[in-house]
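Participant: Okay, handing you the structure first.
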Amino acid sequence: MAPIVVKGGSTLVQSLHSHASVFHASLLETYILRYHCTGVRPTKKAEVPPPLYLTAAPGEEPSYCHACGRLIGSHKLKSGASSSTTARYCSERCKRHKPSSNPGSLDRAIEDTLYLLLNETTIPEIISALPESITQHHDTTQDIEDTRRRSTKKGETRLVVPCSLVESIIFSRLTSINRAQNKRNVRKTLEPEVPQHNDKDYDEAALTATLARLKARQTGTAPACAPDPTAQEGATDTVPSASDEDDDNENEDEAPPTQAEGDDAKRKQGQQRATERERVRNACRRAVIFGLLPPGMVDTRPLDAVPKQQPEEEEPPSSSRAGKARKAREEAHKRTKSGAAEKEQGGGGRRRCEAVMRGAVVEPSYAKGEWGVRWAEV
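Using numbering that gives the first Met the number 0, the first residue of the sequence shown is number 0, and each one after it goes up by one.
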């Protein structure tokens, strides 16, 4: 059978091999945008893709939501292409709930807590620096376990801060893992202790009565039960009064709290916990995409003006001494120029992070389970 020939004289297999890299890049982008547009999360065993802001081709950088830090779907970008401004939010909900950058707001407190945790600040110092509007609801008796960790890779000194640790500090509650352990400990303390009986403590009369019942069961004859003196003493002919009947009617009118009310309270508590959990993860995603400011610093620039993290192009090494000196002068000039521009624009100083899941850097829009952030390499 003759090979299939395409235009240009090359076979179909050769054409696929020549366009393998382009096909792989488009497939990765289609994979990510398809999950985001349809709202379907990857399965538990599916591999989370690498960061799209690093793997995207030049000129095809993805757009991220300024509220939740997720990728903006293609349908939203196409609908906003006709307007003069680009889409900044992935949904109307994110547009209505914009994060606040005020020093006393909850969103800014979450970002400042994450910044201090990444800089190896102790947890008691972080809690003391929180606004009073947040600490007034804290449980002072609650001990928060420091779950920050470092990579086992040689030469890696950056701390990985789990999202659950930020949630525990801000809302003063146990994480899901510690909460399950705490439930087991509370159950152990509430369970009544079974007394350890000794052979000498058994009552001879009770043992004799037990043997008599067993013997009667085998023979089929019921033992004669001795009359209970306490029952005879308490059995008196009494007639209930009218006041007693009224009390019984009042007790019947007062219905105890139903199980539906308790389930409704638990449901509201679970919804509040899920909302707070998602708010912390939104702040962590924004830290990866747009960066973090030091506590107390205000950046007047829009988030779009923050420089993107792009891999540097390698230049051929210069053999001459004059070429090395010229390159050093150019780099110093670039640093001076960028520092002056940041100073003119009102602060700058944003430092970007990266999402870490199971020891690998992943796309923050699709990080799932227990994941954290760390400082990105400069």
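Glycine included, every Cβ here is placed at the ideal spot set by N, Cα and C. Computed from a prediction, not measured in an experiment: that's the story for all the values here.
Expressed to the nearest angstrom, what Euclidean distance is found between the alpha-carbon atoms of residue 289 and residue 296?
Facilitator: Cα-Cα distance, rounded: 15 Å.
Participant: Anyone know if the C-beta pair for residue 49 and residue 360 falls short of 8 Å?
Facilitator: For residue 49 and residue 360, yes; Cβs fall inside 8 Å.
Participant: Which ranges would you report for the alpha helix (DSSP H) in the segment 70-153 if only whole runs of at least 4 residues count?
Facilitator: If we require 4 residues or more, the alpha helix (DSSP H) runs fully inside the segment 70-153 come out as 73-78, 91-95, 105-117, 122-127, 131-134.
Participant: So, with DSSP's three-state summary, where would you put residue 269?
Facilitator: Of the three classes helix, strand and coil, the one that applies to residue 269 here is helix, per DSSP.
Participant: Please identify the residue among 260, 70, 152 whose C-alpha is closest to the C-alpha of residue 51.
Facilitator: If we check each option's Cα against that of residue 51, 70 comes out closest.
Participant: What is the DSSP secondary structure of residue 66, reduced to helix, strand or coil?
Facilitator: Of the three classes helix, strand and coil, the one that applies to residue 66 here is coil, per DSSP.
Participant: Of the choices 94, 368, 158, whose alpha-carbon is the least far from that of residue 148?
Facilitator: If we check each option's Cα against that of residue 148, 158 comes out closest.
Participant: Grab the span of the beta strand (DSSP E) containing residue 361 for me, first residue to last.
Facilitator: Careful: residue 361 lies outside any beta strand (DSSP E) and carries neither H nor E.
Participant: Please determine if the segment 275-284 and the segment 104-111 are in contact, where contact requires at least 3 C-beta pairs separated by less than 8 Å.
Facilitator: Counting Cβ pairs under 8 Å, three or more are found: they touch.
Participant: With three or more C-beta pairs closer than 8 Å as the rule, is the segment 113-131 touching the segment 154-172?
Facilitator: With a cut-off of 8 Å, the segment 113-131 and the segment 154-172 count as touching, because enough Cβ pairs lie within range.
Participant: When you compare each of 100, 363, 68, 117 to residue 93 by their alpha carbons, which one comes out closest?
Facilitator: It is 68 whose Cα lies nearest to the Cα of residue 93.
Participant: What does the Cβ neighbour count give for residue 353, buried or exposed, with the cut at 16 atoms within 10 Å?
Facilitator: Buried is the call here.
Participant: Helix, strand or coil: which one does DSSP assign to residue 287?
Facilitator: Three-state result, residue 287: helix.
Participant: Is residue 50 close to the ligand ADP? I mean its beta-carbon at under 7 Å from any heavy atom of the ligand.
Facilitator: The model on display carries no ligand, and the ligand ADP is accordingly not part of it.
Participant: Give every residue of the same chain whose Cβ lies closer than 7 Å to the Cβ of residue 369, excluding the five residues on either side of it in the sequence, and list them in chain order.
Facilitator: The answer, listed in chain order, is 161, 163.
Participant: Given residue 373, which residues of its chain have a CB within under 8 Å of its CB, disregarding the five upstream and five downstream residues?
Facilitator: If we look at residue 373 and ignore the five residues flanking it on each side, its Cβ neighbours are 117, 157, 158, 159, 160, 352, 353, 355.
Participant: Can you tell me whether residue 127 is buried or exposed? The criterion is at least 16 other CB atoms within 10 Å of its CB, across all chains shown.
Facilitator: Exposed, because fewer than 16 other Cβ atoms sit within 10 Å of the Cβ of residue 127.
Participant: Going by CA-CA distance only, name the one from 111, 207, 154, 261 that's closest to residue 349.
Facilitator: When each option's Cα is compared against that of residue 349, the closest is 111.
Participant: What are the start and end residues of the alpha helix (DSSP H) that includes residue 292?
Facilitator: Run containing residue 292: none; DSSP gives neither H nor E here.
Participant: Excluding the 5 residues flanking residue 371 on each side, which residues of the same chain have their C-beta closer than 7 Å to its C-beta?
Facilitator: Cβ neighbours of residue 371 beyond the five flanking positions: 159, 160, 161, 162, 355.
Participant: Ends of the alpha helix (DSSP H) at residue 165?
Facilitator: Element bounds for residue 165: 162-170.
Participant: Between which two residues does the alpha helix (DSSP H) harbouring residue 216 extend?
Facilitator: Looking at the DSSP string, the run of the alpha helix (DSSP H) that includes residue 216 is 203-218.
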